[in-house]
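J.:
2 protein chains.
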Amino acid sequence: MKKVGLKDIAEHVGVSIALVSYVLNGQAEIKQVSKENAEKIKKAAELLNYRPNQIAKSLKMHKTHTIGLVVADINYRYSTGITRAIEAEAKKKNYTVLFGSSNENEETFAELVDVLINRQVDGLILVPVENSQEQIRMLQKAEIPFVLIDRNFPEIKTNHIALDNYKAAYTATEYLIKQGHKRIAFVNYKTTLFHLQERDRGYLDALKNGNIDFNADWLQEVNSNNRTADIQQSLDVILNLSEPCDAVFFATDTLSINGLKYLNQLKTKIPGEISVLSFDESEAFELFYCPVTHLRQPVEAMGKAAVDTLLELINHYKISKQVSLMSDLVVGQSCRE
Amino acid sequence: MKKVGLKDIAEHVGVSIALVSYVLNGQAEIKQVSKENAEKIKKAAELLNYRPNQIAKSLKMHKTHTIGLVVADINYRYSTGITRAIEAEAKKKNYTVLFGSSNENEETFAELVDVLINRQVDGLILVPVENSQEQIRMLQKAEIPFVLIDRNFPEIKTNHIALDNYKAAYTATEYLIKQGHKRIAFVNYKTTLFHLQERDRGYLDALKNGNIDFNADWLQEVNSNNRTADIQQSLDVILNLSEPCDAVFFATDTLSINGLKYLNQLKTKIPGEISVLSFDESEAFELFYCPVTHLRQPVEAMGKAAVDTLLELINHYKISKQVSLMSDLVVGQSCRE
DNA sequence: TCCCTTGCTTTAATCGTTTAAAGTAATAAC
DNA sequence: GTTATTACTTTAAACGATTAAAGCAAGGGA
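From first to last, the protein sequence lines stand for chains A and B. Note that numbering that gives the first Met the number 0 gives residue 119 to position 120 of the first sequence, counting from 1, and the numbers run on in steps of one. Note that numbering that gives the first Met the number 0 gives residue 9 to position 10 of the second sequence, counting from 1, and the numbers run on in steps of one.
(1) Mind pulling the chain B residues with CB within less than 7 angstroms of R50 of chain A?
(2) Straight-line CA distance for Q31 of chain A to K59 of chain A?
(3) Which residues mark the beginning and the end of the alpha helix (DSSP H) in which L345 of chain A is found?
(4) Note down, in chain order, every chain A residue with its Cβ under 7 angstroms from the Cβ of I211 of chain B.
(5) Given A171 of chain A, which residues of its chain have a CB within under 7 angstroms of its CB, disregarding the five upstream and five downstream residues?
(6) Please tell me whether I73 of chain B has its Cβ less than 8 angstroms away from any Cβ of chain A.
(7) Give the residues of chain A in contact with I54 of chain B, contact being defined as C-beta atoms less than 8 angstroms apart.
(8) Please confirm whether A305 of chain B and L324 of chain B have their CB atoms less than 8 angstroms apart.
(9) Give a yes or no on whether the minimum CB-CB distance between F108 of chain A and chain B is below 8 angstroms.
(10) In three-state terms, what does DSSP make of F108 of chain B?
(11) List the residues that DSSP assigns as beta-bridge partners of V146 of chain B.
(12) Are the C-beta atoms of E86 of chain B and some chain A residue less than 8 angstroms apart?
(13) Please say whether G67 of chain A and L123 of chain A have beta carbons closer to each other than 8 angstroms?
(14) Determine, using beta carbons only, whether R83 of chain A comes closer than 8 angstroms to chain B.
(15) Determine whether the Cβ of G99 of chain A lies closer than 8 angstroms to any Cβ atom of chain B.
(16) If you draw a straight line from the alpha carbon of E35 of chain A to that of E106 of chain B, how long is it in whole angstroms?
(17) Quick one: Cα of V19 of chain A to Cα of E110 of chain B, how far?
(18) Between the alpha carbons of L23 of chain A and P51 of chain A, how many angstroms are there, rounded?
(19) Any Cβ of chain A within less than 8 angstroms of the Cβ of I256 of chain B?
(20) Using a cut-off of 9 angstroms between C-beta atoms, extract the partners of A283 of chain B located in chain A.
(21) By a C-beta neighbour count over all protein chains shown, 10 Å radius and 16 as the cutoff for buried, is K39 of chain A buried or exposed?
(22) So, are the CB atoms of G339 of chain B and V69 of chain B less than 8 angstroms apart?
(23) Use the C-beta contact count for D235 of chain A: other C-beta atoms within 10 angstroms, 16 or more gives buried, fewer gives exposed.
(24) Just how far apart, CA to CA, sit D113 of chain A and V120 of chain A?
(25) Tell me G99 of chain A's beta-bridge partners as DSSP assigns them.
(26) Is the closest heavy atom of the ligand GTP to the C-beta of G80 of chain B under 7 angstroms?
(27) Taking 8 angstroms as the cut-off, decide whether the C-beta atoms of L175 of chain B and S274 of chain B are in contact.
(28) Please classify L276 of chain B: does DSSP put it in a helix, a strand, or coil?
(29) Using a Cβ-Cβ cut-off of 8 angstroms, state whether L259 of chain A counts as contacting chain B.
(30) Identify the continuous beta strand (DSSP E) that holds A161 of chain A and give its terminal residues.
(31) Name the chain A residues whose beta carbon is nearer than 9 angstroms to that of T253 of chain B?
(32) Under 9 angstroms between beta-carbons, which chain B residues line up against T267 of chain A? List them in chain order, please.
(33) Let me check one thing: in DSSP terms, what residues is S323 of chain B bridge-paired to?
(34) State yes or no: is the C-beta of T191 of chain A within less than 8 angstroms of the C-beta of E103 of chain A?
(35) Please name the residues in the region 136-160 of chain B whose beta-carbon is closer than 8 angstroms to at least one beta-carbon of chain A, in chain order.
(36) Does any CB atom of chain B fall closer than 8 angstroms to the CB of T95 of chain A?
Pasting the structure below:
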């Protein structure tokens, strides 16, 4: 079964290709196609099971109705959430999503962006990886519409959608203080990523405003390529201080999962011996013996905002938009009351 | 910054477009392009930062170097695993993956397949949903290269890659019997999907060959759109039989997670009061108080097999390939020793 | 001198669409 | 009875690449 094109329909009906195109694009009225022909053309298209060749259309129209999405790691819960949200929103707007996962790797990220551009995506939604500033600047110079999501670089002015990480971390820490915790640890990645540093800042400010004297041992930094061991070491430190911590706040879900696994191993009782609070949610929390109190990101809203912003950019509204969203604190039973 | 095309390079160097095309496609030798020009052209391409327009190329070549992937639900652990595997393998072969999630919905599935075909993907890798037989037959009639993965319809002869579900369920059940269990329940979805029915068959045959008299109450069927409640009811049944079950085998990870949550709620001790075995793994198992014994699917091998098979089909080798893979039994501590 | 290679380059058709612009009857206006 | 208008329809040039086929010098052989 060979592909049927406009030509086939035109021949079948006995009119020109142009007429067929007009009718099938809903321009029958404006181009004053006779009702008779319009009818015949529609029937023939149906009969021959015509599928427009989007490739040809894209070439002519300089629009592919495709947006490219690069997430940091498809294995993150955040990634599947945001992918789903973006896909759903894009579909509503009649766009297709081409997507890839950089696995937090700079080269892979650059490659993916390249592939997507070569495929003529109309725009990009990106979760940038560490040290991808040059790549981002390149996109700006090339005037390719894009919006950053989840993360951004404060030194580069971009359109981006992100959580108010400072406030989120602040709120969570404040919550722990209100619950009566006096020695709150924070486990974060050692990173140059702004959004994670903001979480540090929120944590520290909340302590200060809560009149808690910060002890440098409380802020533990984990190296992402030595995660498991580093987390264990971090927890060993905060549990064995002369005054051990009574709460630990993990800066991401991956940190939480690893941390909780180790705490399980140590048979540390939660929240009896230590309270636990996590940034981001995880499917794994569902089966933990006590529901983990965590910050939930509004992925649907983020996805929608990202797609909306990108489409505005694509449609040549020269806009500058920085959307900052709030997280919800989902109270479980992993923090002392 | 406007897009640079072959024309721009040609003008810059002062040659024809054809020459540029030859050189940039590595046909310099065979087309006997002078070294001088070849050199100049390559330099100019670099200088102007030329990116070939894949759309135009695709239109001419009738090949997009894109494969379409439709998974059942991006939230399944299996989906992210297989997506990753397929992406990686496709990348090696220089193909891009366009993907979508049907959310187990028949219409969404059909729509996605349609969109992908309109985008002229070279072929499709599909996890078909229930009642999508017509859609599959349509693809065969249209001679569109595709391979089914994870699931297939025995009544339609297709190329497919799937687990040997019968053997996997058989092996797992046999394992439970060897561990001394006498009353083994199996919780599965109520479904017409062949691969899930095969799991039933494996379970039943293992019981028979293990000389265990099957009790109809042991095989519980859950309605997927009333999952939570149905699972609870199922567990209530098997736990409250005059002779309660001493093991429960869940047919999928989603069933396991829901089941374990309920067992947690009931404070049923695992494996003390009941042993648990799960098909598929889940991130959630990591934080369960005892590691869950489960069957692990070889997603990497499946992804590779799917891509390989599809590319063979695309390259006009008219093949018929049904790949059946084995799962591993990952022994945890959720089954009585 | 004429023709045939050889070595290199250009011309032009093509892929399947879109869409200005031009063409063509029939009807209306003067 | 011309000319204008209306109501359609077709022509043909794009879009940016690929690639047969044709073109064109310069050198070699007769």
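For glycine and all other residues, C-beta sits at the position ideal for the given N, C-alpha and C.
T.: Let me spell this out:
(1) The answer, in chain order, is I116, N117.
(2) One C-alpha to the other measures close to 23 angstroms.
(3) Past the boundaries of the shown model lies residue 345 of chain A; chain A is included only from 0 to 336, so the question cannot be answered.
(4) Those within 7 angstroms of I211 of chain B in chain A number zero; the least Cβ separation is about 29 angstroms.
(5) Excluding its 5 nearest sequence neighbours in each direction, A171 of chain A has C-beta neighbours in its own chain below 7 angstroms: F248, L276, L294, L328, listed in chain order.
(6) At a cut-off of 8 angstroms between beta-carbon atoms, I73 of chain B makes contact with chain A.
(7) Here the neighbours are I54, S57, L58, T63, R118, Q119.
(8) A305 of chain B places its beta carbon 8 angstroms or farther from that of L324 of chain B.
(9) Interface residue (Cβ-Cβ distance to chain B less than 8 angstroms): F108 of chain A is not classified as such.
(10) Three-state result, F108 of chain B: helix.
(11) DSSP lists B:I124 as the beta-bridge partner residues of V146 of chain B.
(12) At least one CB of chain A lies nearer than 8 angstroms to the CB of E86 of chain B.
(13) L123 of chain A places its beta carbon less than 8 angstroms from that of G67 of chain A.
(14) Judged by the 8 angstroms Cβ criterion, R83 of chain A is in contact with chain B.
(15) For G99 of chain A, the closest Cβ of chain B is nearer than 8 angstroms.
(16) So the alpha carbons of these two residues sit roughly 33 angstroms apart.
(17) One Cα belongs to V19 of chain A, the other to E110 of chain B, and the distance between them is close to 24 angstroms.
(18) For L23 of chain A and P51 of chain A, the distance between alpha carbons rounds to 9 angstroms.
(19) Interface with chain A (8 angstroms Cβ-Cβ cutoff): I256 of chain B is included.
(20) The answer, in chain order, is S281, E282, A283, F284, E285, L286, F287.
(21) Sixteen is the threshold: when 16 or more other Cβ atoms of the shown chains lie within 10 Å of the Cβ of K39 of chain A, as they do, the residue is buried.
(22) Shown here, chain B extends from 0 to 336; a query on residue 339 of chain B therefore has no answer.
(23) D235 of chain A sits exposed, since fewer than 16 C-beta atoms from the chains shown fall within 10 Å of its C-beta.
(24) If you draw a straight line from the Cα of D113 of chain A to the Cα of V120 of chain A, it is about 10 angstroms long.
(25) Beta-bridge pairing links G99 of chain A to A:V69.
(26) No copy of the ligand GTP occurs in the structure displayed, which carries no ligand at all.
(27) Taking 8 angstroms as the Cβ cut-off, L175 of chain B and S274 of chain B qualify as a contacting pair.
(28) The three-state reading of DSSP puts L276 of chain B in strand, counting E and B together.
(29) So, interface residue.
(30) Annotation: the continuous beta strand (DSSP E) that includes A161 of chain A extends over 159-162.
(31) For T253 of chain B, there are no neighbours in chain A by C-beta distance under 9 angstroms, as the nearest C-beta there is about 10 angstroms away.
(32) None at all; the shortest Cβ gap to chain B is about 13 angstroms.
(33) Under DSSP, the beta-bridge partners assigned to S323 of chain B are B:A161.
(34) Taking 8 angstroms as the cut-off, the beta carbon of T191 of chain A is found no closer than this to the beta carbon of E103 of chain A.
(35) Residues passing the 8 angstroms Cβ filter: K140, A141, E142.
(36) Judged by the 8 angstroms Cβ criterion, T95 of chain A is in contact with chain B.
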